[in-house]
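Worksheet: one structure, shown below.
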Amino acid sequence: MSLPHSIQELGELLADQKYLADQGLATALFLALQMGRPLLLEGSPGVGKTEVAKALAGAFGKRLIRLQCYEGIDVSQALYEWDFARQMVAIRAAEITATGPVSVSEQLFSRRFLLERPLLAALQAGSSAVLLIDEIDRADDEFEAFLLEFLAEFQITIPELGTVSAQTPPVVILTSNRTREMHDALKRRCFYHWIDYPTQSREKEIILLRAPEVEALLAEKVVAAVARMRELALLKKPGIAESIDWANGLQRLQVRDLEDGAVNQTLGLVLKERDDLVHVLEEKVLGG
Amino acid sequence: MAANTRSGPESRMASDGNIGLDFFLGFGRALRAEGLQLGSAEIQLFTRALVKAEVKSLCDIYWVGRVCLTASPEQIPIYDRVFQQWFQNMGDAPFPAAIALHHEESPPAISQPETVTIEVPKKSGLTSGLAAASGERLGQKRVHPPDVDEFSTMQSITASLNASPPLRRSRRFRARGRSGPLHLRRILRTSYRTGGEFFRLIRSRRLTRVRPLVLLIDVSKSMAAHSRAFTQFARAASRRKGRTEVLCFGTRLTAVTRLLRPGDAAAALERTAATVQDWDGGTRLSDALEELFRSPRQTQSVRGAIVILLSDGLERGSCEIMAKNIGRLSRLAHRLIWINPLCVDPLFEPRAAAIRAILPFVDKVYGCQDLDDVAGVVPDLFADN
């Protein structure tokens, strides 16, 4: 599918994928698509950073390639690895069939023995893929420095095989929870967008879109209560994902009124810290 | 460049009321003058993006600019302000609602304590900034640069911290271990030398990394006699290998790592002293910790770290809340070490309720009053790691 012609069109395409993007996010995505630059999304946990990439892939029929970062991630987990076990078997097999050494080594370092990891897969897929580099703040500095090179050139060199480069670069979305500061150099190569919590009316729309069986009135109450919770000094503020879960849970339990005592049993869906739970009950955020 | 920024938006507008390229370049320069790090590449990108996005309204320009020119949430209020200054003269175009919205929704940066029990000492050469709005008295401090002895002690502290740093196992593997999983890559590569025959299995080993260190320095009045030494210790610690975070607290929490670490020691200490606003004020360890936990980033920096609390623990707040917060701190941290100037006295008994509330959560307590004391305990700090 071709690129969208306007920011508005992109917003509508994402809405078809059940993702409501505000104008800022739609602008950021539009520019990233049009200008072939990576987009770095930051924001509190649960505001829909990862979902953006999924919706984008869905909207344009692209393949989503996800690289989940973690501490200690290195080239062999992100880029490629030779399939050593199969290579060893192949060497033994070559001994038995007495293949010449030259053809063995040619075989051993062919694509057949190369394990593609997400970054290489994204290069091969080119513009038919959306590459999601998730939670880049969890990876360590070394990996960030490596990414810098990758994102600038969209090519990698495998010593045994040669250089692999993308014909057309994939769409790249990076997300970060901001548990540490990214290097300026990496930021400079990306568009940047900070995703805030949505307004109450938008959050209600999101809940109704994502969980259609939830009644509008309940969604409204949930959204208002969650907004009050976010104003408190909580250790972990509830994200949109939490409010969707909560609304869904309440609907299934047939709880319509937040002043109902039964609501307290469901608070675990929105608040994931015991201290927060106590705090919210003390502040009587739910009314009553 | 400065001349351009000062000439203001009006003079950059073309006479027919249309805005030209110069106007946007000027906008970029104005942002740069406000401290955003923008090279010509970013500004060029911004102008290209404006064309690509076919901007029609101010709102469009706002978002395109924000996506291209900002790089962190802290820059967004600056961006909003400069944007308003530059684009307010653009006729009756509706101003983007999103800007107003952003200000409404952004949480207050610092929670303001409600009571005041703090006296700022009025010495000559002491600039005391009184912030009327916040209801708390703030004081700045002038520090004298470290003398030769102090300087060499600081250097020896840094060296000593580096000599036996606290380590933890990393997630990365290297070859040449004893009991780790097989290192297939190395085994295969070695086997090429022997015609594909494996004579030795090579195992991998885990690498180690230096554990992060977080210093929480009490700069309240009761600590005034020691805060000079402790800030110097913090400077020395911030120069060690590995991640080090320094936070000062009195009535509020200030992150000073970035001020303390780079450049000349005297200048770094001067910078820090000028930035911390609540020197010689009251102690609110509990509030400071709550503020820390509210920031996911700072909470993350404490996780798995060695936290050194430099405080006398004299606080009047509620002990239950204090115990709750210190408990959380000690659960997040790998080790919680307390350096308390009161503990120097061998007859010292923890009688203050707050101190007794802290003690159960602390792994080690040291008594230190000056830099030499601190230098003395440094080799022992990570001994059990």
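Protein chains in written order, with my numbering: chain R, 1 to 288; chain U, 1001 to 1385.
Even glycine gets a Cβ: it sits at the ideal position worked out from N, Cα and C.
Neighbour flag for residue i against chain R, beta carbons, 9 Å
| i | result |
| --- | --- |
| U:I1187 | yes |
| U:V1067 | yes |
| U:S1134 | Because U:S1134 sits at a pLDDT of 34, beneath the cut-off of 50, its placement in the model cannot be relied upon, and the following sentence gives the value as read from the coordinates. No, U:S1134 does not count as interfacial toward chain R. |
| U:I1217 | no |
| U:S1227 | no |
| U:F1095 | Below a pLDDT of 50, predicted positions are generally treated as unreliable, and U:F1095, at 43, falls in that range; the measurement from the model is reported next regardless. No, its Cβ sits nowhere closer than 9 Å to a Cβ of chain R. |
| U:Q1044 | no |
| U:Q1369 | no |
| U:R1078 | Reading the sequence as shown, one finds Ile at residue 1078 of chain U and not Arg. Cβ-Cβ to chain R under 9 Å: no for U:I1078. |
| U:A1041 | yes |
| U:V1064 | yes |
| U:L1184 | yes |
| U:T1115 | Residue placement at U:T1115 is flagged as unreliable, the pLDDT there being 33, under the threshold of 50; the coordinate-derived value follows with that caveat. Closer than 9 Å: no. |
| U:E1105 | The pLDDT assigned to U:E1105 is 37, lower than 50, so where the model puts this residue is not dependable; a value taken from the coordinates is nonetheless given after this. Taking Cβ atoms only, chain R reaches closer than 9 Å to U:E1105, which makes this a yes. |
| U:E1320 | no |
| U:F1293 | yes |
| U:H1102 | For U:H1102, the pLDDT reaches just 36, beneath the cut-off of 50, and the residue's location in the model is therefore unreliable, although a value from the coordinates is still provided. Taking Cβ atoms only, chain R reaches closer than 9 Å to U:H1102, which makes this a yes. |
| U:K1364 | no |
Test: residue i CB closer than 9 Å to a CB of chain U
| i | result |
| --- | --- |
| R:D134 | no |
| R:Q23 | yes |
| R:N248 | no |
| R:M229 | no |
| R:I91 | yes |
Cβ pair residue i, residue j closer than 9 Å
| i | j | result |
| --- | --- | --- |
| R:E42 | R:I195 | yes |
| R:Y19 | R:V47 | no |
| U:A1266 | U:L1259 | no |
| R:A122 | R:I158 | no |
| U:G1242 | U:L1213 | yes |
| R:M229 | R:V278 | no |
| U:R1171 | U:R1206 | yes |
| U:R1331 | U:P1166 | no |
| U:E1270 | U:P1145 | yes |
| U:P1073 | R:R138 | no |
| R:T130 | R:I173 | The sequence given here has Val at residue 130 of chain R, not Thr. In contact: R:V130 and R:I173 (Cβ atoms closer than 9 Å). |
| R:L40 | R:L186 | yes |
| R:V171 | R:K54 | no |
| R:V75 | R:F146 | yes |
| U:S1164 | U:F1382 | yes |
| U:A1354 | U:E1290 | no |
| R:D134 | R:G72 | no |
Exposure label - residue i; buried when at least 16 CB within 10 Å
| i | result |
| --- | --- |
| R:A193 | Inspection of the sequence shows that residue 193 of chain R is occupied by His rather than by Ala. Buried, since its Cβ has 16 or more Cβ neighbours within 10 Å. |
| R:I207 | buried |
| U:D1218 | buried |
| U:G1376 | exposed |
| R:S6 | exposed |
| U:V1344 | exposed |
| U:S1301 | buried |
| U:H1183 | buried |
| R:H183 | exposed |
| U:K1221 | buried |
| U:L1309 | buried |
| U:F1230 | buried |
| U:F1083 | buried |
| R:G24 | buried |
| R:N248 | buried |
| R:D16 | exposed |
| R:S103 | exposed |
Counterpart residues of residue i in DSSP-defined beta bridges
| i | result |
| --- | --- |
| R:L186 | None, per the DSSP bridge assignment. |
| R:V130 | R:L64, R:V171 |
| U:L1310 | U:I1217, U:I1339 |
| U:V1148 | Per DSSP, none; premise fails for U:V1148. |
| U:F1173 | U:R1206 |
| R:Y80 | R:E116 |
| R:Q155 | R:S165 |
| R:G43 | R:I195 |
| U:F1249 | U:D1218, U:L1253 |
Distance between beta carbons of residue j and residue i, contact taken as under 8 Å
| i | j | result |
| --- | --- | --- |
| R:Y80 | R:L115 | 6 Å |
| U:F1233 | U:L1371 | 6 Å |
| U:G1317 | U:G1281 | Between U:G1281 and U:G1317 the Cβ distance is about 14 Å, and since that is not below 8 Å, they are no contact. |
| U:T1275 | U:T1254 | 7 Å |
| U:G1304 | U:P1341 | Actually they are not in contact, since the Cβ atoms of U:G1304 and U:P1341 sit about 28 Å apart, beyond 8 Å. |
| U:K1364 | U:I1337 | 5 Å |
| R:P38 | R:R202 | Between R:R202 and R:P38 the Cβ distance is about 26 Å, and since that is not below 8 Å, they are no contact. |
| R:K169 | R:S105 | For the sequence presented, residue 169 of chain R should be read as Pro rather than Lys. Incorrect: roughly 32 Å between the Cβ atoms, too far for contact. |
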